[in-house]
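*Asks:*
2 protein chains.
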Amino acid sequence: MSLRYAVMAALLEGEASGYDLAKGFDASVANFWMATPQQLYKELDKMRAEGLVQARVIQQERRPNKRLFSLTEAGRRVLRDFTAVPPRPGAIRDELMIKVQAVDAGDAEAVRAAVEERMVWAQAKIARYERLRARLLNGRSEEEYLSRSERVGPYLTLMRGLAFERENHHWGEWALAVLEQRSAATT
Amino acid sequence: MSLRYAVMAALLEGEASGYDLAKGFDASVANFWMATPQQLYKELDKMRAEGLVQARVIQQERRPNKRLFSLTEAGRRVLRDFTAVPPRPGAIRDELMIKVQAVDAGDAEAVRAAVEERMVWAQAKIARYERLRARLLNGRSEEEYLSRSERVGPYLTLMRGLAFERENHHWGEWALAVLEQRSAATT
DNA sequence: AGGCACATGTAAAAGGTTACATGATTGG
DNA sequence: CCAATCATGTAACCTTTTACATGTGCCT
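Those protein sequences? They're chains E and B, same order as listed. Here full-length UniProt numbering is used: position 148 in the first sequence is 148, and no number is missing along the way. Here full-length UniProt numbering is used: position 97 in the second sequence is 97, and no number is missing along the way.
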């Protein structure tokens, strides 16, 4: 039921197609509420039927036509009401952590490799977030940016994502060291 | 589909009832794969039918009887196989972040209050994790604990949860400061 | 020639949430 | 006396995932 609000929050940045949203055209929302393309296309249809968004069809010649969605006034109102309601607690689902939890009864080498791969991903995400941050700041200091820009929400969530991935990476390096020492001891 | 593996990982700590699991009797697993009691009772039944766990009924006089579940050998094997498969990427779902993202077009005061309340929760979780950590370490240093204890998995995931909540709290304090400065400027 | 990017969708299956249902005991 | 804890479950509903389906253009 929250997917639609995530979509509306993303549309505050401007028009987007289902495809854009699916790719996480707005990196920040997608990082706290991921969705598959199928989910998005369906939800966007429902939202249009309810008048929360409007679609504008772009005719294309060498590509499939696309529909660009934007928020309607009704959508803005609904989104505003949503922000006023207390949020439910967040949920994390991470298979890797289940594997780490079970590492002592499992395949330690495979778990170690999985942690390592996750760290590569984390690095890539950090780099992406940092590029996005530089783009937003555009040479200004954070203080200046925060006091002058129209919106602060996207910056706040971006920094949350960045902090999360940095922490993740930090933890991973430590966990790898622990696991390596373990396997050295067992050998 | 991963719920069962989370359950099995939790059962590595020893026997537990559905009720125990629902409360997150093992704080660490529950923090990366939450589930409602209903989900657990159903899954435990299915797992027993498949021979992954076994149940032992405890007759009680002043309380409803309970069923204590434990891993079978087949369960252990399945769990081990699971650790050898590459995990899918983790997912976070957090309504609060959607609200923060939309704060500039929403009810800023309500969002601020929501962040504040989340920080209270984060504090509580940090305290809980720290107590759990102290209980595990039991006076020993981390280094000593990691080199001597049979299992390291639960400690690794516990530290991940702790780092996550600390980071969360840190971000929240900063976000509150940003939001307050904003509302002061608008007033 | 093969694979990815673009761009959309349908349908079925699996998984997760919410409401309902029971009922004694303990603590404030 | 009211709320919480213990302890289990069913049923209905909603959400999410996965598989299938289509077709062009661009890059290597």
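Positions of the beta carbon are idealized from the N, C-alpha and C atoms, including for glycine.
Using the three-state DSSP reduction, which class does residue 188 of chain B fall into: helix, strand or coil?
*Replies:* Because residue 188 of chain B is not part of the residues shown, which for chain B are 1 to 187, the question remains open.
*Asks:* Give me the chain E residues within the contact set of B:M97, using Cβ-Cβ distance strictly less than 7 angstroms, ordered along the chain.
*Replies:* Taking the second sequence and counting its residues from 1, the one referred to as residue 97 of chain B is at position 97. Those within 7 angstroms of B:M97 in chain E are F32, T157 and R160.
*Asks:* On the CB-based measure, 16 or more other CB atoms within 10 Å of its CB, does B:E165 come out buried or exposed?
*Replies:* Here the question's residue 165 of chain B lines up with position 165 in the second sequence. Looking at its Cβ environment, which holds 16 or more other Cβ atoms inside 10 Å, B:E165 is buried.
*Asks:* Given that E:E150 touches chain B, what residues does it touch there, using C-beta distances under 8 angstroms?
*Replies:* In the first sequence, counting from the first residue as 1, residue 150 of chain E sits at position 150. Here the neighbours are D104.
*Asks:* With respect to the beta strand (DSSP E) encompassing E:F69, which residues constitute its N-terminal and C-terminal limits?
*Replies:* The count along the first sequence starts at 1 and reaches residue 69 of chain E at position 69. That run of the beta strand (DSSP E) goes K66 to L71.
*Asks:* Closer than 8 angstroms by C-beta to E:Y129: which residues in its own chain qualify, once you throw out the five before and the five after it? Chain order, please.
*Replies:* As a first step, residue 129 of chain E is located in the first sequence; it is residue number 129 there, counting from the start. A27, L158, G161, L162 and E165, listed in sequence order.
*Asks:* In the structure shown, what three-state DSSP assignment does E:R128 receive?
*Replies:* Taking the first residue of the first sequence as 1, we reach residue 128 of chain E at position 128. Here E:R128 sits in helix by DSSP.
*Asks:* Spatial neighbours of B:G51 within its chain, please: C-beta separation below 7 angstroms, excluding the five flanking residues on both sides.
*Replies:* Counting from 1 along the second sequence, the entry for residue 51 of chain B is found at position 51. So the qualifying residues of the chain are T72 and A74.
*Asks:* Below 9 angstroms on C-beta distance, what does E:V120 contact in chain B?
*Replies:* Numbered from its first residue, the first sequence carries residue 120 of chain E at position 120. None at all; the shortest Cβ gap to chain B is about 12 angstroms.
*Asks:* Taking all protein chains shown into account, do 16 or more other C-beta atoms lie within 10 angstroms of the C-beta of B:D20, making it buried, or fewer, making it exposed?
*Replies:* Numbered from 1 along the second sequence, position 20 holds the residue referred to as residue 20 of chain B. Buried, because 16 or more other Cβ atoms sit within 10 Å of the Cβ of B:D20.
*Asks:* Mind pulling the chain E residues with CB within less than 7 angstroms of B:V78?
*Replies:* Taking the second sequence and counting its residues from 1, one reaches residue 78 of chain B at position 78. The contacting residues do not exist; B:V78 stays about 11 angstroms from chain E at best.
*Asks:* Does any residue of chain B bring its CB to less than 9 angstroms from the CB of E:P89?
*Replies:* As a first step, residue 89 of chain E must be located in the first sequence, where it is residue number 89. Yes, contact with chain B.
*Asks:* From B:F32 to B:Q60, what distance separates their C-alpha atoms?
*Replies:* Position 32 of the second sequence, counted from the first residue, corresponds to residue 32 of chain B. Position 60 of the second sequence, counted from the first residue, corresponds to residue 60 of chain B. Distance between the alpha carbons of B:F32 and B:Q60: 32 angstroms.
*Asks:* Suppose only complete runs of 3+ residues qualify. What are the beta strand (DSSP E) ranges in the segment 89 to 144 of chain B, listed by chain order?
*Replies:* If we require 3 residues or more, the beta strand (DSSP E) runs fully inside the segment 89 to 144 of chain B come out as 91 to 93.
*Asks:* Name, please, each residue of chain B whose Cβ falls closer than 7 angstroms to the Cβ of E:I126.
*Replies:* Stepping through the first sequence from its first residue, residue 126 of chain E is reached at position 126. At a C-beta separation below 7 angstroms, E:I126 has no neighbours in chain B, since its nearest C-beta there lies roughly 14 angstroms away.
*Asks:* Would you tell me roughly how many angstroms separate the C-alpha atoms of E:L179 and E:R48, rounded to the nearest one?
*Replies:* Against the first sequence, residue 179 of chain E aligns to sequence position 179. Against the first sequence, residue 48 of chain E aligns to sequence position 48. For E:L179 and E:R48, the distance between alpha carbons rounds to 51 angstroms.
*Asks:* Name the chain E residues whose beta carbon is nearer than 7 angstroms to that of B:V100?
*Replies:* For the purposes of this step, residue 100 of chain B is taken as residue 100 along the second sequence, with counting starting at 1. What B:V100 touches in chain E: G153, L156 and T157.
*Asks:* Mind checking if B:T83 is an interface residue toward chain E, Cβ cutoff 9 angstroms exclusive?
*Replies:* Within the second sequence, residue 83 of chain B is the residue found at index 83, counting from 1. Closer than 9 angstroms: yes.
*Asks:* Within this structure, are the beta carbons of B:A110 and E:A9 separated by less than 9 angstroms?
*Replies:* Your numbering for residue 110 of chain B matches position 110 in the second sequence. Your numbering for residue 9 of chain E matches position 9 in the first sequence. Not in contact: B:A110 and E:A9 (Cβ atoms no closer than 9 angstroms).
*Asks:* Have a look at B:V103, B:Q38, B:Y155 and B:R80 and flag the residue whose alpha-carbon is nearest the alpha-carbon of B:A175.
*Replies:* Counting from one through the second sequence, the residue named residue 175 of chain B turns up at place 175. Comparing Cα positions, the closest option is B:V103.
*Asks:* When we look at the beta-carbon of E:V57 and count the other beta-carbons within 10 Å, is it buried (16 or more) or exposed?
*Replies:* Residue mapping note: residue 57 of chain E aligns to position 57 of the first sequence, counting from 1. Under this definition E:V57 is an exposed residue.
*Asks:* Determine the extent of the beta strand (DSSP E) in which B:A55 is found, giving its start and end residues.
*Replies:* Translated into positions along the second sequence, residue 55 of chain B becomes position 55. It spans V53 to I58 - the beta strand (DSSP E) in which B:A55 sits, taken as one unbroken run.
*Asks:* Where B:E116 and B:A177 are concerned, what is the direct C-alpha to C-alpha distance, given to the nearest angstrom?
*Replies:* Taking the first residue of the second sequence as 1, we reach residue 116 of chain B at position 116. Taking the first residue of the second sequence as 1, we reach residue 177 of chain B at position 177. About 11 angstroms.
*Asks:* For my contact list, B:V29 and E:I126 are in at a C-beta cut-off of 8 angstroms; report their separation, rounded to the angstrom.
*Replies:* The residue you call residue 29 of chain B lines up with position 29 of the second sequence. The residue you call residue 126 of chain E lines up with position 126 of the first sequence. The beta carbons of B:V29 and E:I126 sit about 27 angstroms from each other, so the pair does not count as a contact at 8 angstroms.
*Asks:* E:G90 and B:R93 look like a contact to me (Cβ under 8 angstroms); what is the Cβ gap, rounded to whole Å?
*Replies:* If you number the first sequence from 1, residue 90 of chain E lands on position 90. If you number the second sequence from 1, residue 93 of chain B lands on position 93. Indeed, because the Cβ distance is near 6 angstroms, the residues count as touching under 8 angstroms.
*Asks:* By the criterion of Cβ-Cβ separation under 9 angstroms, what are the contact partners of B:I58 in chain E?
*Replies:* For this step, residue 58 of chain B is matched to residue 58 along the second sequence. Neighbours of B:I58 on chain E: none; closest Cβ ~25 angstroms, over 9 angstroms.
*Asks:* Hey, how far is the Cα of residue 188 of chain B from the Cα of E:F82?
*Replies:* Residue 188 of chain B is absent from the model: chain B starts at 1 and stops at 187.
*Asks:* What three-state label does DSSP hand E:A22 in the structure shown?
*Replies:* Along the first sequence, one-based indexing puts residue 22 of chain E at 22. Three-state DSSP puts E:A22 in a helix.
*Asks:* Chain E beta carbons: is any one of them nearer than 9 angstroms to that of B:R135?
*Replies:* Position 135 of the second sequence, counted from the start, is the residue given in the question as residue 135 of chain B. B:R135 has a beta carbon lying at 9 angstroms or more from every beta carbon in chain E.
*Asks:* So what does DSSP say about E:A16, is it helix, strand or coil?
*Replies:* Translated into the one-based positions of the first sequence, residue 16 of chain E becomes position 16. DSSP places E:A16 in strand when its eight states are reduced to three.
*Asks:* Any Cβ of chain B within less than 9 angstroms of the Cβ of E:F164?
*Replies:* Residue mapping note: residue 164 of chain E aligns to position 164 of the first sequence, counting from 1. So, interface residue.
*Asks:* Can you tell me where the alpha helix (DSSP H) with E:W171 in it begins and where it stops?
*Replies:* Numbered from 1 along the first sequence, position 171 holds the residue referred to as residue 171 of chain E. Where E:W171 is concerned, the enclosing alpha helix (DSSP H) stretches over G153 to T186.
*Asks:* Measuring alpha carbon to alpha carbon, tell me which of E:L156, E:Q181, E:A16 and E:L40 ends up nearest B:Q101.
*Replies:* By one-based count along the second sequence, residue 101 of chain B stands at place 101. Residue E:L156 is the option with its Cα nearest to B:Q101.
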